[in-house]
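As they're listed, the protein sequences go chains P and E.
All residue numbers for the first sequence refer to our numbering, where the first residue is 3 and numbers rise by one.
All residue numbers for the second sequence refer to our numbering, where the first residue is 161 and numbers rise by one.
Single-structure report; data block below.
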Amino acid sequence: MDSYRRIVALKIQSAQDRASAIVEEKRRVENKVYASPGSQHVLTFVGDAATKVQGLLEAEKAVANTDPLDASELETRIQRTTKLIPVLHMLLGFVEGSDVHRSPGQLIQPLRRYVRSIIPASEIVVSSKAELNYSIQDIAEPLRKLFSDTPLQSSCGLLPDRLFVVNIPAVESGQILIHGVLAHELGHALYKKHALAGKLLPNIKVKEDLIKNLVKVMSGARQQQQGPPPELRLREWVTEQVASRITAWVMELSSDAIGIRLFGPALFFAAVHLMTAFKHIDQGSTTHPAPRLRAKLMMRMLKQLYPVDKLHENLQALLRDWDEVSAVPIVARSMFDQLAIESIDDKALDLIFQASATAVSEAQSYTALRFDRDAAELAPLFVNHIPPGETGHYGRGVPVELASIINAGWHVYLCDFEALEISEMKTAWEEARRDSKRGKN
Amino acid sequence: MILSAERIRELLEHPAADPADRLVISPLLEERQLKPTTASVDVRLGQRFHVPLRAKLSQLNLLSLTHQADLFKYKDDTFVPIGDYFVLHPGQFVLGETLEWIHLPKNLAAFVIGKSTWGRDGLIIATAIGVHPNFSGILTLEISNVGEIPIYLYPGLAIAQLFLAVVDLTAESVTPVPSAFQVQTSPRTRNVEIEDRDIIQLFRDRLFPDLKQS
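Structural data, given as structure tokens:
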């Protein structure tokens, strides 16, 4: 027992050092300038929690030096406090990536306004990391859960109702058009908020006959290799594999569907540009369906929500290509994937499409009318390098919404890029440089 | 002809139908930026400052092909939030920016001039003051403190004024003139034009033909 008490003393001292390091790091990080207002909330929370951890550990010293607790009780008691230290580290990591040099400042205000219009009383931290992944996660709720019934519970009062950490890939931080993918991530938040899983999953059935066939094939193969298989267990396992894929894929597809309702064609353009860059069109994973299936759902939605045949000819051509490509049956890379794909048929895609309407109000929807207006009014401004304007003259104007900015941007990129280059006068400038090198000037 | 503040206001508040023909100065935060009976619009100091790292740069050689790359590598970009300040020490030179995005139509040119309020404290705002027609972007300000006392620079303060002049267009001048600083979104530096290097080479070849490179 004495040896354990000495270890406990060491444990407390070491944890105190870690907590002091967090307080120091928080001071250093605090000196930077942050693009997202939510970063300050996180820093205040981390500072408050780390200081409390220091105080609590000091108090634990006294407890450890007396005899009322046995080794196991003492370990459990101290662990209640020390287990929170890695969480504070993780939070500092979010803030570190959100300073102005790493986060696109132009994105913050429109995105914050947009998120707050969908989920009031929320705050955002836009953080960029060196990984090719977009994500939006609410950290306020999990932190409240984690810190509930701990001595640090009161620190949670410093957090807003919902604090969304928006992660964007660091190397893509300047690519505002690709940030249209954030609509999909917002879709995740709304999928949870509106409990769409409960509405959708009971109506998407795993195809039992296909499972039976697969089990037969698998048990036949095993019989030859390992003797008689427990068929019931095998069937259970196959069903579990397929069902878990369906559950995850329906969430992803629903987030796409909600994203299309929020951002319209901009999500589709951003998603296909990002996905095609590095993903196999027919290869899904246990968590994400194959890009072809995602494109198929988004195309179905676009064709119903937007007058596709009246769009600019470049957009029509691109959408036509994707329509044809997404209609090709998917050849999955695994049997489980194939079964999940068979279960998420056209009927299931329509269910997802319809369910997404319950998560997005009409006012929040990016309609065909808005797309037309943005293409007609906002896109020409961009071609001439005129920014959309946040507030208009003397703050009298209405700020342009993020969905409109990104859609108009895609319209320029896909339909008027030549005009943009001419107005940027790059062509003329490059020509002048070339002439100079050729000795014309 | 220099435009009056009233005429500038008219152009801003009643924009031309074609975006290319619009005068844009955005954001205009308050009406005071366009004082009646004056002939300019006040522009504000932006939030980014571009400071060359003296400890790393031994010289500025505009003819060097690595000039721009060196400046890009050895610079300190500072972002100052609204409400905070940047201290400009005596003799210090930094590149700043206007808070406003400017877009000039083909028939307007502009001149950026410092405000006397700041000038009397020793602050020089811009030396290369001309902005050509068709320009789009933020304006880079060449800010230096020629006084003897440090000056606090607060982003958002009206620090310069923009005079707008009508350009006498001829049929030929309708074609946009290439500008190396077009669509800049932050303070920017660059090499001298490639033509200038060519001319120096040409002089050298004529003066010392025997040294002419093959």
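C-beta: ideal position from N, C-alpha, C; glycine also.
Just the Cα atoms here: how many angstroms apart are residue i and residue j?
i	j	result
C417 (chain P)	F232 (chain E)	33 Å
H249 (chain E)	A215 (chain E)	16 Å
I273 (chain E)	I170 (chain P)	40 Å
A2 (chain P)	P162 (chain P)	Lying before the first or after the last residue shown, residue 2 (chain P) is absent from chain P, which here runs from 3 to 443.
E60 (chain P)	R294 (chain P)	57 Å
A434 (chain P)	P179 (chain E)	Note that A434 (chain P) has pLDDT 49, beneath the 50 cutoff, so the model's placement of it is unreliable and no number is given.
G107 (chain P)	I178 (chain P)	11 Å
V89 (chain P)	G95 (chain P)	10 Å
F377 (chain E)	L301 (chain E)	In this structure chain E extends from 161 to 374, so residue 377 (chain E) is not present and cannot be described.
R167 (chain E)	L383 (chain P)	22 Å
T277 (chain E)	G316 (chain E)	15 Å
K131 (chain P)	H275 (chain P)	20 Å
Once the 5 residues before and after residue i are set aside, which same chain residues still bring their CB inside 6 Å of it?
i	result
I343 (chain P)	I332, A334
L93 (chain P)	V44, V48
V291 (chain E)	A270
G318 (chain E)	The sequence shown places Ala at residue 318 (chain E), not Gly. Same-chain partners within the cutoff: D202, R204.
D358 (chain E)	none
Q155 (chain P)	F149
D323 (chain P)	none
G251 (chain E)	none
Give the range of the alpha helix (DSSP H) segment to which residue i is assigned.
i	result
D258 (chain P)	233-265
P88 (chain P)	87-98
L171 (chain E)	165-173
R201 (chain P)	The sequence as given places Lys at residue 201 (chain P); Arg does not occur at that position. Per DSSP, K201 (chain P) belongs to the alpha helix (DSSP H) from 198-202.
I418 (chain P)	Ile is not the amino acid found at residue 418 (chain P); the sequence shown has Asp there. Element bounds for D418 (chain P): n/a, residue is neither H nor E.
S43 (chain P)	The amino acid occupying residue 43 (chain P) in the given sequence is His; Ser does not appear at that position. Per DSSP, H43 (chain P) belongs to the alpha helix (DSSP H) from 40-67.
N316 (chain P)	315-329
L184 (chain P)	184-195
F149 (chain P)	142-149
S345 (chain P)	337-345
L371 (chain P)	370-375
V25 (chain P)	4-32
E137 (chain E)	What is shown of chain E runs 161 to 374, which leaves residue 137 (chain E) out entirely.
G256 (chain E)	G256 (chain E) -> not in any alpha helix (DSSP H); beta strand (DSSP E) instead, spanning 253-263.
I'd like to check one pair, residue j with residue i: are the Cβ atoms closer than 8 Å?
i	j	result
F280 (chain P)	W412 (chain P)	no
L76 (chain P)	N205 (chain P)	no
L269 (chain P)	H186 (chain P)	yes
L299 (chain P)	L255 (chain P)	yes
I346 (chain P)	I408 (chain P)	no
S218 (chain E)	F253 (chain E)	no
A259 (chain P)	T289 (chain P)	no
Y396 (chain P)	E191 (chain E)	yes
A199 (chain E)	L163 (chain E)	yes
I298 (chain E)	Q361 (chain E)	no
P175 (chain E)	R182 (chain E)	yes
Y116 (chain P)	A73 (chain P)	no
L203 (chain P)	A361 (chain P)	no
L165 (chain P)	I138 (chain P)	no
A297 (chain P)	S328 (chain P)	yes
P347 (chain E)	L213 (chain E)	no
Note the first and the last residue of the continuous beta strand (DSSP E) segment covering residue i.
i	result
F209 (chain E)	208-212
R204 (chain E)	201-204
A270 (chain E)	268-274
Y312 (chain E)	311-313
S130 (chain P)	124-131
T287 (chain E)	Premise fails: T287 (chain E) is in no beta strand (DSSP E) and is neither H nor E.
Excluding sequence positions up to five away, which residues of its chain have a Cβ less than 7 Å from the Cβ of residue i?
i	result
S157 (chain P)	F47, D50, A51, K54, F149
K275 (chain E)	A318, I319, A320, Q321
K195 (chain E)	A165
I283 (chain P)	A292, P293, R294
D281 (chain E)	G307, I311
L109 (chain P)	V128, I178, H181
A21 (chain P)	A52, V55, Q56, L59, I87
R146 (chain P)	C158
Please work out which residues of its chain come closer than 8 Å, Cβ to Cβ, to residue i, disregarding the five sequence neighbours upstream and downstream, and give them in chain order.
i	result
V217 (chain P)	E233, L236, R237, V240
V31 (chain P)	L45, L94, V97, E98
R79 (chain P)	E62, V65, L71
Is there a Cβ of chain A sitting closer than 8 Å to that of residue i, yes or no?
i	result
G391 (chain P)	This model lacks chain A altogether; the protein chains it does include are P and E.
Note to self: To be precise: take each residue of the stretch 308-319 of chain P, compare its Cβ to all Cβ atoms of chain E, and keep it if any distance is under 8 Å. Which residues remain?
What the structure shows: Answer set for the stretch 308-319 of chain P: empty.
Margin query: By the 7 Å beta-carbon criterion, what residues does the stretch 255-283 of chain E contribute toward chain P?
Written below: Cβ proximity to chain P below 7 Å picks out W261, H263 from the stretch 255-283 of chain E.
Next item on the list: Please list the residues of the stretch 163-174 of chain E that have a C-beta atom closer than 7 Å to any C-beta atom in chain P, keeping them in chain order.
Entry: Those would be L172, E173, in chain order.
Margin query: Please identify, using Cβ separations under 7 Å, the residues of the stretch 29-56 of chain P that lie next to chain E, in order along the chain.
Written below: Under the 7 Å Cβ criterion, the stretch 29-56 of chain P contributes V35.
Next item on the list: Anything in the stretch 125-141 of chain P with a Cβ closer than 8 Å to a Cβ of chain E? List those residues in chain order, please.
Entry: Contact annotation: in the stretch 125-141 of chain P, no residue has its CB less than 8 Å from a CB in chain E.
Note to self: Any C-beta of chain E within less than 8 Å: which residues of the stretch 331-357 of chain P qualify?
What the structure shows: Listed by position along the chain: nothing, the set is empty.
Check: According to a CB-to-CB cut-off of less than 8 Å, which residues of the stretch 209-239 of chain E neighbour chain P?
Finding: Listed in sequence order: D237, F239.
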